[in-house]
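If you're matching them up, the sequences are chains E and D in order. Sequential numbering from 3 applies to the first sequence in the numbering used here. Sequential numbering from 3 applies to the second sequence in the numbering used here. In this text, a Cβ means the ideal position worked out from N, Cα and C, and glycines have one as well. Bear in mind the structure is a predicted one, so any value in this text is a computation, not a measurement.
Number of protein chains: 2
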Amino acid sequence: MSEIYRASTTAPVNIAVIKYWGKRDAKLNLPTNSSLSVTLSQNDLRTHTTASCSASYPAEDSLLLNGKPQDVSGARTQACFRELRALRKEVEAKDSNAPKLADLPLKIVSENNFPTAAGLASSAAGFAALVRAIANLYELPADPTELSRIARQGSGSACRSLFGGYVGWEQGSATDGSDSKAFEVAPASHWPNMRAVILVVSAAKKDVSSTSGMQTTVATSSLFASRASETVPRRMKEMQDAIKNKDFETFGKVTMMDSNSFHATCLDTYPPIFYLNDVSRAAIKMVEQINTAAGKIIAAYTFDAGPNAVIYYLEENEKQVAGVFKTLLADKDGWSGERGAAIEGNYEAAEKANTEAEVAVGLLKEGVSRVILTGVGEGPVRTEEALINEKGEPISVLY
Amino acid sequence: MSEIYRASTTAPVNIAVIKYWGKRDAKLNLPTNSSLSVTLSQNDLRTHTTASCSASYPAEDSLLLNGKPQDVSGARTQACFRELRALRKEVEAKDSNAPKLADLPLKIVSENNFPTAAGLASSAAGFAALVRAIANLYELPADPTELSRIARQGSGSACRSLFGGYVGWEQGSATDGSDSKAFEVAPASHWPNMRAVILVVSAAKKDVSSTSGMQTTVATSSLFASRASETVPRRMKEMQDAIKNKDFETFGKVTMMDSNSFHATCLDTYPPIFYLNDVSRAAIKMVEQINTAAGKIIAAYTFDAGPNAVIYYLEENEKQVAGVFKTLLADKDGWSGERGAAIEGNYEAAEKANTEAEVAVGLLKEGVSRVILTGVGEGPVRTEEALINEKGEPISVLY
Numbered sequence: 003m004s005e006i007y008r009a010s011t012t013a014p015v016n017i018a019v020i021k022y023w024g025k026r027d028a029k030l031n032l033p034t035n036s037s038l039s040v041t042l043s044q045n046d047l048r049t050h051t052t053a054s055c056s057a058s059y060p061a062e063d064s065l066l067l068n069g070k071p072q073d074v075s076g077a078r079t080q081a082c083f084r085e086l087r088a089l090r091k092e093v094e095a096k097d098s099n100a101p102k103l104a105d106l107p108l109k110i111v112s113e114n115n116f117p118t119a120a121g122l123a124s125s126a127a128g129f130a131a132l133v134r135a136i137a138n139l140y141e142l143p144a145d146p147t148e149l150s151r152i153a154r155q156g157s158g159s160a161c162r163s164l165f166g167g168y169v170g171w172e173q174g175s176a177t178d179g180s181d182s183k184a185f186e187v188a189p190a191s192h193w194p195n196m197r198a199v200i201l202v203v204s205a206a207k208k209d210v211s212s213t214s215g216m217q218t219t220v221a222t223s224s225l226f227a228s229r230a231s232e233t234v235p236r237r238m239k240e241m242q243d244a245i246k247n248k249d250f251e252t253f254g255k256v257t258m259m260d261s262n263s264f265h266a267t268c269l270d271t272y273p274p275i276f277y278l279n280d281v282s283r284a285a286i287k288m289v290e291q292i293n294t295a296a297g298k299i300i301a302a303y304t305f306d307a308g309p310n311a312v313i314y315y316l317e318e319n320e321k322q323v324a325g326v327f328k329t330l331l332a333d334k335d336g337w338s339g340e341r342g343a344a345i346e347g348n349y350e351a352a353e354k355a356n357t358e359a360e361v362a363v364g365l366l367k368e369g370v371s372r373v374i375l376t377g378v379g380e381g382p383v384r385t386e387e388a389l390i391n392e393k394g395e396p397i398s399v400l401y
Numbered sequence: 003m004s005e006i007y008r009a010s011t012t013a014p015v016n017i018a019v020i021k022y023w024g025k026r027d028a029k030l031n032l033p034t035n036s037s038l039s040v041t042l043s044q045n046d047l048r049t050h051t052t053a054s055c056s057a058s059y060p061a062e063d064s065l066l067l068n069g070k071p072q073d074v075s076g077a078r079t080q081a082c083f084r085e086l087r088a089l090r091k092e093v094e095a096k097d098s099n100a101p102k103l104a105d106l107p108l109k110i111v112s113e114n115n116f117p118t119a120a121g122l123a124s125s126a127a128g129f130a131a132l133v134r135a136i137a138n139l140y141e142l143p144a145d146p147t148e149l150s151r152i153a154r155q156g157s158g159s160a161c162r163s164l165f166g167g168y169v170g171w172e173q174g175s176a177t178d179g180s181d182s183k184a185f186e187v188a189p190a191s192h193w194p195n196m197r198a199v200i201l202v203v204s205a206a207k208k209d210v211s212s213t214s215g216m217q218t219t220v221a222t223s224s225l226f227a228s229r230a231s232e233t234v235p236r237r238m239k240e241m242q243d244a245i246k247n248k249d250f251e252t253f254g255k256v257t258m259m260d261s262n263s264f265h266a267t268c269l270d271t272y273p274p275i276f277y278l279n280d281v282s283r284a285a286i287k288m289v290e291q292i293n294t295a296a297g298k299i300i301a302a303y304t305f306d307a308g309p310n311a312v313i314y315y316l317e318e319n320e321k322q323v324a325g326v327f328k329t330l331l332a333d334k335d336g337w338s339g340e341r342g343a344a345i346e347g348n349y350e351a352a353e354k355a356n357t358e359a360e361v362a363v364g365l366l367k368e369g370v371s372r373v374i375l376t377g378v379g380e381g382p383v384r385t386e387e388a389l390i391n392e393k394g395e396p397i398s399v400l401y
């Protein structure tokens, strides 16, 4: 039997605070504006991927995600495979002792430790893990920046999941996309006390895919151009300064304004695209109430292309932010883990919310299906825990 | 007893298809962009106002609206009184036989034939009626354009209710507001078959007043500037052409896009302003479904600063538009009048909506409290029906 080569990694989810929306090149996933995100801890949300190759495998590359075979013939996955194989060929050309892996069929197995259906940017973690795992398998000298250029072609925001901490994605200007890459703004250790509570909103399936949605926005929104050319460049600078200075008030304000700006351009699309619903708006109202009570910005909401609220806050304000939701939404899934147990309920603030924001509280109780507690975390981590055994068969560590 | 002078008028509501949002001068109600509206028929929605003056009245000017005394000391009402009295003084100066009315106390009585709480731009009809009634009382030679300049100082959009049909409001550039006036784009008779069905959405009280909301948008929205300087000027031209050519597809598309653009800048405000809710979005979805079924734009939604949907359509498409809502929302108030009886239900389309847009239909059934059927109509009409009797006492024709 031919040798079976394997390498495994985990990769994180990232949630943008300056949003990516709009492509200047749909094939290469080149964005109309730069973006910036926080990488979330893989203790809470991660994709685990094993990449493997062997002459004994069926000739077709394959990918199994959460036990289900995925189509790998799409242009995006193919682009990642092609680029990684080209880099492996360079390795093989330089070192005649290196095994000839580039031409072997790939078998990839992936598992998410969170519900894929929850609308939690799983494609970002997925493509980051896929690219990182194959790079490990091929023993590529490529650094995260170089790999981010490849992962970007799989899913735009995946490029930011190659780094931990606070991560920018430079839009670049080259037509081949060579300068459209992720970069580290600051490692997680620079500002380690950043936390997030995610309110997962039960919602009907997304009507509009991100890709077709963002291209319709570019084509029809009359407000979009000024967001891409003026608003985001200014905010990218403000946000990087805020992170460097660990200035949560600016970080939070810019995060909220940029989420609103992104959803405004969706609404200005024709036909309009709505991702926020009444439950999302109730979450916004609660965050506003928390900040008003604190007399400053200690909580910041942001929404991707869906109704889920991601609320950033600093650990020292946990009781004033997550504590309020823990008391109001005590019966939801998600409070039972280690992070949840550590959060002190906030009965006083919850009582106040019940009185002053009764409608919003009612909408949250009705519309939030679960909460996820997390915080800033590290980039992809190599692991010896493999999802493919020595015989080349897929195995599961979760199911 | 001193003589009691009286004059009465009715004035219409107007619903903008190019929205007014943002003041460049808050005191004079000077807008940051031009706007355009359809005047709605006074058979369905009107303010009826009698203006009266007499030396026998208490010295303080007074205003009774729907039986309730209103505060007239505000700067806006005072501006209207002051400007109208100044014009009356010119009349008296030219004609020594003219009675000296300008210095007499004013007593004004007003009634709306629609629920004020429904969020139906009642201030526009209210100030238009107030200004027109006093102009009638003072026998001013002023034309509607001149009066629109005065009504604008009471409530911006009131200036458009001085005309019937299709009405523009030129933003103007003079710092004293002298060129910020309404103008007739086309009379109602030019395109008389324009109809509207209004879905009145039961909603909690407005959180944010229009005036403070629009000033916050101007101050904080990064997208607003391009709306005011580029988007609206282009759409004003497109809309005037569409009306002149009776081109409903363009009229409808621009109407929907401009409503979306206005609400997008509200969402881009910090903190964000939300007027649309899930019921409003359900109405948008139904309109999209109606247009898809027709293969062209035959219905156009627009939303003011609240969740109510105003849906414009042409009479010949009544069954395909209003007929669908009549079947889906048969149990709501508003279908029993003459207009409602004339609308043929559309069971086929309603059935299709029940299947293909079940969530939206459910939200509409739950969230719409009543419908109002109306259409394009005339400007203010002088009437002999007075709300103040010969003794100077308020009377009611409605209650």
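query = Looking only at C-alpha atoms, which of E/E240, E/G342, E/A230 sits nearest to E/A266?
reply = Counting from one through the first sequence, the residue named residue 266 of chain E turns up at place 264. Here the closest residue by C-alpha is E/A230.
message: Against chain E, which members of the region 291-314 of chain D pass a CB distance test of less than 8 Å?
response: none
Measuring only the C-alpha atoms, how far is D/E94 from D/P101? Translated into the one-based positions of the second sequence, residue 94 of chain D becomes position 92. Translated into the one-based positions of the second sequence, residue 101 of chain D becomes position 99. D/E94 and D/P101: Cα-Cα distance of roughly 7 Å.
Element boundaries [alpha helix (DSSP H), containing E/V234]:
Counting from 1 along the first sequence, the entry for residue 234 of chain E is found at position 232. Looking at the DSSP string, the run of the alpha helix (DSSP H) that includes E/V234 is 234-246.
If you reduce the DSSP assignment to three classes, tell me which class D/Y349 lands in. Within the second sequence, the letter at position 347 stands for residue 349 of chain D. Correct three-state label for D/Y349: helix.
*Report all residues from its chain with a CB closer than 7 Å to the CB of E/K287; omit the five preceding and five following residues, and keep chain order.*
Locating residue 287 of chain E in the first sequence gives position 285, where the first residue counts as 1. Answer for E/K287: A359, A362, listed in chain order.
Mapping the DSSP letters down to three states, classify E/D260 as helix, strand or coil.
Stepping through the first sequence from its first residue, residue 260 of chain E is reached at position 258. Helix at E/D260.
Q.
What residue range does the alpha helix (DSSP H) around D/Q217 cover?
A. Counting from one through the second sequence, the residue named residue 217 of chain D turns up at place 215. Here the alpha helix (DSSP H) through D/Q217 covers 212-222.
Next item on the list: Quick one: residues in its chain with C-beta nearer than 7 Å to the C-beta of D/A355, no 5 flanking neighbours on either side, listed in chain order?
Entry: The count along the second sequence starts at 1 and reaches residue 355 of chain D at position 353. Here the set comprises M288, Q291, V326, L330, V363.
Taking only beta-carbon atoms, is D/S182 less than 7 Å away from chain E? Numbered from 1 along the second sequence, position 180 holds the residue referred to as residue 182 of chain D. Not one chain E Cβ lies under 7 Å of D/S182.
Identify which residue in D/R84, D/A302, D/G377 has its Cα closest to the Cα of D/D46. In the second sequence, counting from the first residue as 1, residue 46 of chain D sits at position 44. Closest by alpha carbon: D/G377.
Check: So what does DSSP say about E/K354, is it helix, strand or coil?
Finding: Within the first sequence, the letter at position 352 stands for residue 354 of chain E. E/K354 falls in the helix class under three-state DSSP.
(Q) On the DSSP bridge list, what partners appear for E/S10? (A) Here residue 10 of chain E corresponds to residue number 8 of the first sequence, with the count starting at 1. Partner(s): E/T52, E/T385.
Note to self: Please tell me whether E/F305 and E/S282 are closer than 7 Å, where the distance is taken between their beta carbons.
What the structure shows: Numbered from its first residue, the first sequence carries residue 305 of chain E at position 303. Numbered from its first residue, the first sequence carries residue 282 of chain E at position 280. Their beta carbons are under 7 Å apart, which means E/F305 touches E/S282 by this criterion.
Beta-carbon spacing of D/F264, D/K21 below 7 Å:
Start at 1 with the first residue of the second sequence, and residue 264 of chain D comes out as number 262. Start at 1 with the first residue of the second sequence, and residue 21 of chain D comes out as number 19. Yes.
For this session: Answer with buried or exposed for E/D181, where buried requires no fewer than 16 other C-beta atoms within 10 angstroms of its C-beta.
Result: As a first step, residue 181 of chain E is located in the first sequence; it is residue number 179 there, counting from the start. Exposed.
field: Test: D/F250 CB closer than 7 Å to a CB of chain E
entry: Here residue 250 of chain D refers to the residue found at position 248 of the second sequence. No, its Cβ sits nowhere closer than 7 Å to a Cβ of chain E.
Next on the checklist: Assuming E/L201 and E/V373 are in contact, meaning their beta carbons sit under 8 Å apart, how far apart are those beta carbons, in whole angstroms?
Outcome noted: Locating residue 201 of chain E in the first sequence gives position 199, counting from the first residue. Locating residue 373 of chain E in the first sequence gives position 371, counting from the first residue. Confirmed, Cβ separation roughly 6 Å.
### Message
Whole angstroms are fine: how far does the CA of E/S64 sit from the CA of E/E392?
### Response
By 1-based counting over the first sequence, the position of residue 392 of chain E is 390. By 1-based counting over the first sequence, the position of residue 64 of chain E is 62. The straight-line gap from Cα to Cα measures roughly 17 Å.
(request) Identify each residue in the region 262-278 of chain D for which the Cβ-Cβ distance to at least one residue of chain E is less than 9 Å, and report them in chain order. (result) N262, S263, H265, A266, T267, C268, L269, D270, T271, Y272, P273, P274, F276, L278
| message | Please list the terminal residues of the continuous beta strand (DSSP E) segment that includes E/P117. | response | Here the question's residue 117 of chain E lines up with position 115 in the first sequence. Counting along the chain, E/P117 falls outside any beta strand (DSSP E), and DSSP gives it neither H nor E.
- Item | Within-7 Å CB hit, E/R371 to chain D | Taking the first sequence and counting its residues from 1, the one referred to as residue 371 of chain E is at position 369. Looking at the sequence itself, residue 371 of chain E is Ser, so the reference to Arg does not match. E/S371 does not count as touching chain D.
Check: If the cut is a Cβ gap below 9 Å, which residues of chain D does E/I286 touch?
Finding: Working through the first sequence from its first residue, we reach residue 286 of chain E at position 284. In chain order: P273, P274, F276.
* **In DSSP terms, what E/E186 is bridged to** => On the first sequence, residue 186 of chain E is found 184 positions in, with the first residue counted as 1. Bridge partners of E/E186: E/V169.
field: Inter-residue Cα distance where the pair is E/M196 and D/L66
entry: For this step, residue 196 of chain E is matched to residue 194 along the first sequence. For this step, residue 66 of chain D is matched to residue 64 along the second sequence. Cα to Cα, E/M196 sits roughly 57 Å from D/L66.
query = Would a check of beta-carbon distances place D/M241 closer than 7 Å to chain E?
reply = For this step, residue 241 of chain D is matched to residue 239 along the second sequence. Not an interface residue.
Q. So what does DSSP say about E/N293, is it helix, strand or coil?
A. The residue given as residue 293 of chain E occupies position 291 in the first sequence. Correct three-state label for E/N293: helix.
Among E/G342, E/D335, E/A351, nearest to E/V370 - alpha-carbon criterion = For the purposes of this step, residue 370 of chain E is taken as the residue at position 368 of the first sequence. Comparing Cα-Cα distances from E/V370 to each of E/G342, E/D335, E/A351, the minimum goes to E/D335.
| request: Show which residues of chain E have a CB atom less than 8 Å away from the CB atom of D/S228. | output: In the second sequence, counting from the first residue as 1, residue 228 of chain D sits at position 226. The answer, in chain order, is S224, L225, A227, S228.
- CB-CB under 6 Å to D/Y59, same chain, minus the five flanking residues each way: which ones, in chain order? Here residue 59 of chain D refers to the residue found at position 57 when the second sequence is read from its first residue. Hits under 6 Å: P107, K109.
Does any CB atom of chain E fall closer than 7 Å to the CB of D/M259? Position 257 of the second sequence, counting from 1, holds the residue named residue 259 of chain D. So yes, D/M259 belongs to the interface.
Quick one: does E/D280 have its CB under 7 Å from some CB of chain D? Working through the first sequence from its first residue, we reach residue 280 of chain E at position 278. Cβ-Cβ to chain D under 7 Å: yes for E/D280.
By a C-beta neighbour count over all protein chains shown, 10 Å radius and 16 as the cutoff for buried, is E/E113 buried or exposed?
Taking the first residue of the first sequence as position 1, residue 113 of chain E is located at position 111. Buried, because 16 or more other Cβ atoms sit within 10 Å of the Cβ of E/E113.
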